[in-house]
Structures are given as C-alpha cells and as structure tokens.
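I have placed the structure first, in the form of structure tokens, so that the comments after it can refer back to it.
Chains as they are written, first to last, in this note's numbering: chain D, 1 to 271; chain A, 1001 to 1271; chain P, 2001 to 2249.
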C-alpha cells in the first residue's frame, strides 16, 4: 500500500534480528520493574486500600469469564476422553483423565490466558491511559502528577496491582478447576452416560494432592508474569489512542508467550 | 466499563444474571448479523486494492514466530505429561505418537492456534479499527460512501480464514515435531514409533478443518465488531481490545465444545 | 452545479445515556448561506452536525436535506445523500494509512472520476489550501494546521453542494484563522454551496457567517442574521457572544 507499509517488508533476517532486540529490551525492562516491585514487597509496604480495591475489581470482572471458560473446558476434556471410552469401554478412566489434564495443565494455562485477556489487558489500558498525552486536548500524565505529589507510583499504583493479580489468579484457578470438574461431570453424564459418582471416584482414587498443587504453583507464577508484563507495557505506552491499543496487544501477546514458556519449565521442574 | 456497586441481595444477583444472559443472546444475534454482512462484503468486493494481500501478510508474518514458539512448547508439555502418566500405568509408549497426532489434528492444533491468534490478531484488529473509530476516520469513510464492513472487516476476514488455516497446519507440524523430540530425549522413544500418522482418520480431518474455518471466521468478526463499537478516546480503544480478546477466546472455546460434541455424537452413531 | 438544497431540522432530540444533548432543535438553513452554529463547549454542536448527515441516529425529530429525509433512512439511502455533502471533522480524521494525495483523492475515487482528472483536481485543491506539492507526504508528517487544511481540501474536492465544518479553526492562531475563513468564503463564492460551520471561536465565526444559531442546553436560543446576534433579545445569548462574565450563564 503506502510507503510505510512497504518499508516493513525487510529481509527475514533483519526482521528476526529486530524482533530479538525488541524482545531483549522488553525482557530487560520487565526484569527491572520486577526488581523495583520486589524491593517494595520486602518488607511489605503498599497502599492497602488500593490493594483491596484492585482485588475486588479484578475478581468481579473475571469470575464470569473464567467460570464460563472452565465449564466449557471441562466439557471439551470429557469429550476428548469420551472417544477413548468408546474404544476401550473404560468409563472408570474419564474422571481421572479429565482431572489430571485439568489440574496440571489445562486449568492453570487456560485460566491464566483468560485472566491475561480480561484483567491483564484492562490493566495495561488503564495504566496506558494514565501515561499518555491526548493530542492537543487534555494532557493525561497522571503518573507524573503522582510524582509531583511525592508519591512513588511504583508503591502506590504498581505493587498493589501485581499482588492483587497474583492472588486473584490463584483463587480463580482454584475456583476454575472446580467448575471444570463440575462441567466435566455434567457433560460426561449427558454425552457419555457416565454416572457422576463414577466420575468422582475415578478422579479421587487416581489423583493426588500433588497434582492439584502442581497446577496452583503454576498459576501463582503465571499471575506474577501476567502482572509484570501488563504493568510494564502499560507504563511504557507512547502515542495516544493508537499507542494504547498497541500496548494492550503487545502485553497480551507477551503474557501468552511467557505463560507457555513458564508452563514448559515448570512442568519439568515441579513433581 | 463502569464499576458496578455490589448487588444488595440474591434477587439483584439473579436479575443481573438474567440481564447478562439476555445481553449475551442479543450480542450473539448481532454477531450473526455481522457475519452475514461480512459475507456480503466479501462477495461484493468493494475494498482497497491489495488490502487482502496486505492483511494476509500482517496476520501471517506477525504470528508465525508466536505460533511456532507457543505450539512448540505446548507440544513438548503435552507429550511429556502423557508419557509420564502412561509409564506409570502401562509402560508402553508406542501408541503415544499416533494418538497425539490424532488429538492435535482434531482438536488441540486448531484450538490452541486459534486462541493464540485471538490474542495476537484479534487484539490487533480491534485496536486498529477502534482507533479509526475514535479518531473519526470511520465517520469520514462513511461520508465518502464506504461501508466500514466492506472496507475494513471483509479483507481481514479473508486474511484470517486463509492464514488461520495455514498457521494451524504449521502449528500442528511444530507441536508434533516438538513432541517427538521430547519423547525421544526424555523417554528414549523411537522416533519411528512416534511419527506415525496411521490413527488420523477422515472424521478427525473433517473436525479439524471445520474448527479451523469456524475459528478463522469468528475471530475477525468479533474483533471487528468490538473495534467498531469503540467509544471515547484511548480508554475506548483499550476497552475494545480487551473485549475482542475475551470475546474471540470465549467463542473459540464454545465452538470447540460444540463441534467436538457433534463429532462425538457422530462417532457414537458410527459404531 | 445544481443549486444547493435547503436543510431543515425539526424537533430533533438526542440523548446519550442520561445526558440530553438536544431537546427539540429546530433549524432552517437556507441554500447557499454561510450558517454558523455557536454555543458552550461540549454542548452538542458536533453531534448536531453529525445528525445532519445521519452519522448518528436521532432519538426523535426530523432532518431533511432538500427532498431527502435523513432521519430514519437506511445506510444505503444515506450514501446517496452524503454524495452531496462534504465534511471537515474536528480532529481532521485523515486516513493515516493513505498519503495526503490519496486522502484528498478519496471522495473522487469513490465517485468513479477518471484518474487524470482526479490528479488535476487534487493538485488544484492542495494549491488552493496552500499545500501545493505535498501529495506524497503522510498525515503523520504534518502539523495540526496542515492536517486541517488537508481535511478542508478533502471535504471540498468533490464540489459538494453542502459543506460541514466542525471546528475549522480550533487550535489555530488568529492569522491562520482569518486565512481559513477567507478560503472557505472563496470556495463558496465559486460553487454557491451551503456552508455550515461549528466553532467555539465566536468572534471569528460571527464575522464569517451571514446567519447564526446558538445552541444552549439542548435548545436553539437564537437563529437569525449574524449581524444582529450581539443585540439578541435573549440575555444568555448576549452574554455568550460578548464574552461577558456576568449573566445567566
């Protein structure tokens, strides 16, 4: 189309190199932010009211979406397992199969992805709107405004959000796992004709607390990652409405990649 | 989105739930209408020359690395977890490869790729179109006799369906390869046993294809609709982007449930 | 060129949520006039302009352009009406994915005008607004004032019968403001089109227009010759136009 777009058609090596540099820059920025956040956590000193306000909002916003997703995912797991039940007539394995997948992998990962999409992107947009200048009209530089009032934006704004997101994702994963199981029970009854009690015992007999906790540890780590990426991209917005949109896009993508990466490492590291 | 004050009783909660359900139905109806309008836009073909190719480049190029990384890690994780469990039970890992491919083709490949695209491409579409709405460019288009759906959404629709299919095939391949590598390196599984497509049947291919096409249609329509509904400066764009990511992801999961369910019922009847 | 059609608005109402922006607005815009719309900021002037061409749907009331009804018309029918109208948006609304030349050419391309005629007319328009030779630039490379002038060029390139200007001089210095109004006046003298302009810069607009209306709290408080608005019967109108601190506002 126009010259600007044509300029983007550089050689693949250039693009790869540029991407690598950008990823490195972002990773560096996020690590720096993590450091500053950590310093405010040890010893813990943050605005308690901001913390509870954020926790309430984030929970409120994401419960419906997480519950719905978890419910559907329970059904999908059961359907996939269902194909094998027909083959091997192994009704006693559905509860176990679905539960294993949900607790260890699908639950934490998918709920984290949904959380990132709902709360993470919202967070980036909020912080972005506070940072940005809006053309010739109002100047919205609330972060600078905070600094002018001798309030550390990290302690006041960022740390409560990070903590709130970690806690909320953890809680939501617990809730989501349970809703998934419930959904699984329902769909296995409807579609494959498996008794809820068969499902339940199959799950309880074959799975261990360790499987449940495995997923929860993952969700705590995912929560930290989503929080840091969304805050980082939020405060480094440049360029008005378009910039905010791009920042949200970048934040959500970065969160997704980091979730997959962390899942990979944690799967190997955790028992 | 304004912050709701907490409901003061169970009755208000039920009312809100009912209202939300009705809103959901209304939204689904509107989206169906939008899908029809997009189809007509595709057929009528009144769009800027070269825009479809441009959009395909945007979708494909930007997402290639992203899909490769995420699907690769997912492949490794899934195979690792399954091998771990199977070793515990039967110790026979010979069926893992073929079964994994079947699962990839028929469900996880299309669905996970689509979820990743929902974040990458969906957010991008909503952000782009949203900023155009907010800066009155869409109004200016309408003043010049252009339908936003034909001009903005239809090219992205075509691009998403086509590139979505390409990326899904790519993703399945990457996940399969990564899984095979993991099985070989961690469990000494003979690659020849793993890389065996014999379990993939006609129904699996149909299911996978249907899902890929449906996802490819849902993501641009939902994201485009969210973009067109943006109101109010950078906040509006941020809100539109969030809604697009969540809406598209939820749609992908819901479609997965429905199409998988139909697949299960067909298999049942087939026996 | 066909004589410009009259624009008639009757009992127009529009609310956003609980904010009633327009509570029964009546306007009569004679063909070929220079019509100015003034009023307090965020009072609904821009909304009124968009309602004239159906970019926003009214809650109640009627808008007609000549013999065509705008309110309640389908988007396809509105396309036909909009062919006769050009509009400058408050934030210029230039397409940031097109160059300046492509932006100005856009309405002509849509109308199927042959390519070399388009190039000629774009060149002429850009020269008229003082931006000769900038066809190849991107909107992001221009200053606010320049973008505004490109917007004017785009709004007028198809020689529409009605041109709507939403804040044509906002954020511009007084000299540029006079130049812009001179430009609009010259265009109008040439084509005989109707000009409807919305502005918060009361003095400049009142100096430019021949008829003026003031929108205040959802109603039209004055509608008549621009020369007489300073001595209007309504004290609120007088206070606003004179810029005084004391008064009902």
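All C-beta atoms in this analysis are idealised placements derived from N, C-alpha and C, irrespective of residue type, glycine included.
Residues of its chain near residue i, where Cβ-Cβ distance is below 8 angstroms and the 5 sequence neighbours each way are ignored
| i | result |
| --- | --- |
| residue 203 of chain D | 95, 96, 98, 99 and 181 |
| residue 61 of chain D | 118, 119 and 122 |
| residue 85 of chain D | 91, 93, 94, 192 and 194 |
| residue 2235 of chain P | 2247 and 2248 |
| residue 2225 of chain P | 2210, 2211 and 2212 |
| residue 2044 of chain P | 2014, 2021, 2022, 2215 and 2218 |
Distance between residue j and residue i (C-alpha atoms, nearest Å)
| i | j | result |
| --- | --- | --- |
| residue 1175 of chain A | residue 1104 of chain A | 8 angstroms |
| residue 251 of chain D | residue 264 of chain D | 20 angstroms |
| residue 1130 of chain A | residue 25 of chain D | 28 angstroms |
| residue 2119 of chain P | residue 2104 of chain P | 10 angstroms |
| residue 2082 of chain P | residue 1145 of chain A | 7 angstroms |
| residue 1251 of chain A | residue 183 of chain D | 17 angstroms |
| residue 200 of chain D | residue 194 of chain D | 10 angstroms |
| residue 1283 of chain A | residue 1098 of chain A | Residue 1283 of chain A falls outside the range modelled here, since chain A spans only 1001 to 1271, and no answer is possible. |
| residue 2111 of chain P | residue 2018 of chain P | 40 angstroms |
| residue 2032 of chain P | residue 2193 of chain P | 5 angstroms |
| residue 23 of chain D | residue 1066 of chain A | 12 angstroms |
| residue 1048 of chain A | residue 1068 of chain A | 31 angstroms |
| residue 167 of chain D | residue 223 of chain D | 8 angstroms |
| residue 1064 of chain A | residue 78 of chain D | 31 angstroms |
| residue 2009 of chain P | residue 1021 of chain A | 39 angstroms |
| residue 230 of chain D | residue 124 of chain D | 5 angstroms |
| residue 1038 of chain A | residue 1025 of chain A | 20 angstroms |
| residue 2150 of chain P | residue 1133 of chain A | 19 angstroms |
| residue 2184 of chain P | residue 2126 of chain P | 14 angstroms |
| residue 2143 of chain P | residue 41 of chain D | 46 angstroms |
| residue 72 of chain D | residue 2013 of chain P | 45 angstroms |
| residue 267 of chain D | residue 1056 of chain A | 35 angstroms |
| residue 187 of chain D | residue 1033 of chain A | 30 angstroms |
| residue 2145 of chain P | residue 63 of chain D | 48 angstroms |
| residue 2078 of chain P | residue 1151 of chain A | 17 angstroms |
| residue 1062 of chain A | residue 233 of chain D | 18 angstroms |
| residue 2233 of chain P | residue 2172 of chain P | 32 angstroms |
| residue 1266 of chain A | residue 1083 of chain A | 29 angstroms |
From the options, residue whose alpha carbon lies closest to that of residue i
| i | options | result |
| --- | --- | --- |
| residue 1124 of chain A | D:85, D:266 and D:117 | D:117 |
| residue 2075 of chain P | A:1235, A:1026, A:1143 and A:1097 | A:1143 |
| residue 1220 of chain A | A:1204, A:1183 and A:1118 | A:1118 |
| residue 2073 of chain P | P:2036, P:2057 and P:2172 | P:2057 |
| residue 1214 of chain A | A:1235, A:1187, A:1232 and A:1254 | A:1254 |
| residue 258 of chain D | D:179, D:90, D:271 and D:218 | D:218 |
| residue 1120 of chain A | A:1244, A:1232 and A:1086 | A:1244 |
| residue 2177 of chain P | P:2235, P:2016 and P:2201 | P:2201 |
| residue 2084 of chain P | P:2238, P:2094, P:2067 and P:2021 | P:2067 |
| residue 190 of chain D | A:1262, A:1017 and A:1058 | A:1262 |
| residue 1074 of chain A | A:1115, A:1187, A:1091 and A:1058 | A:1115 |
| residue 1147 of chain A | A:1228, A:1029 and A:1072 | A:1228 |
Neighbourhood of residue i by C-beta, 7 angstroms cutoff - its chain only, sequence neighbours within 5 removed
| i | result |
| --- | --- |
| residue 1101 of chain A | 1176, 1197, 1199 and 1200 |
| residue 19 of chain D | none |
| residue 164 of chain D | 51, 54, 55 and 58 |
| residue 2046 of chain P | 2090, 2166 and 2198 |
| residue 269 of chain D | none |
| residue 136 of chain D | Confidence in residue 136 of chain D is poor, its pLDDT being 30 and thus under 50, which makes the residue's placement too unreliable to answer from. |
| residue 2204 of chain P | 2169, 2177 and 2181 |
| residue 205 of chain D | none |
Expected contact under 8 angstroms - CB spacing of residue i and residue j to nearest Å
| i | j | result |
| --- | --- | --- |
| residue 2165 of chain P | residue 2088 of chain P | 5 angstroms |
| residue 226 of chain D | residue 247 of chain D | Contact doesn't hold; Cβ gap of about 15 angstroms is too wide. |
| residue 1172 of chain A | residue 1109 of chain A | 4 angstroms |
| residue 37 of chain D | residue 154 of chain D | 7 angstroms |
Spatial neighbours of residue i in its chain, beta-carbon cut-off 6 angstroms, leaving aside the 5 residues before and after
| i | result |
| --- | --- |
| residue 104 of chain D | 211, 214 and 215 |
| residue 237 of chain D | 128, 131, 132, 243, 244 and 247 |
| residue 2187 of chain P | 2156 |
| residue 179 of chain D | 67, 70 and 71 |
Partners in chain B for residue i, counting only beta-carbon separations shorter than 7 angstroms
| i | result |
| --- | --- |
| residue 1085 of chain A | Note that chain B does not occur in the displayed structure, where the protein chains are D, A and P. |
beta-carbon residue i near the ligand NAD non-hydrogen atom, thresh 7 angstroms
| i | result |
| --- | --- |
| residue 1139 of chain A | This structure simply doesn't include the ligand NAD, nor any ligand for that matter. |
Pairing CB atoms from the segment 2024-2039 of chain P with CB atoms from the segment 2210-2217 of chain P, are three or more of them under 8 angstroms? yes
So, do the segment 1179-1186 of chain A and the segment 1075-1082 of chain A have three or more beta carbon pairs nearer to each other than 8 angstroms? yes
Do the segment 1048-1058 of chain A and the segment 1154-1161 of chain A make contact, defined as three or more Cβ pairs closer than 8 angstroms? yes
Does the pairing of the segment 2096-2103 of chain P with the segment 2131-2139 of chain P give three or more beta-carbon distances under 8 angstroms? yes
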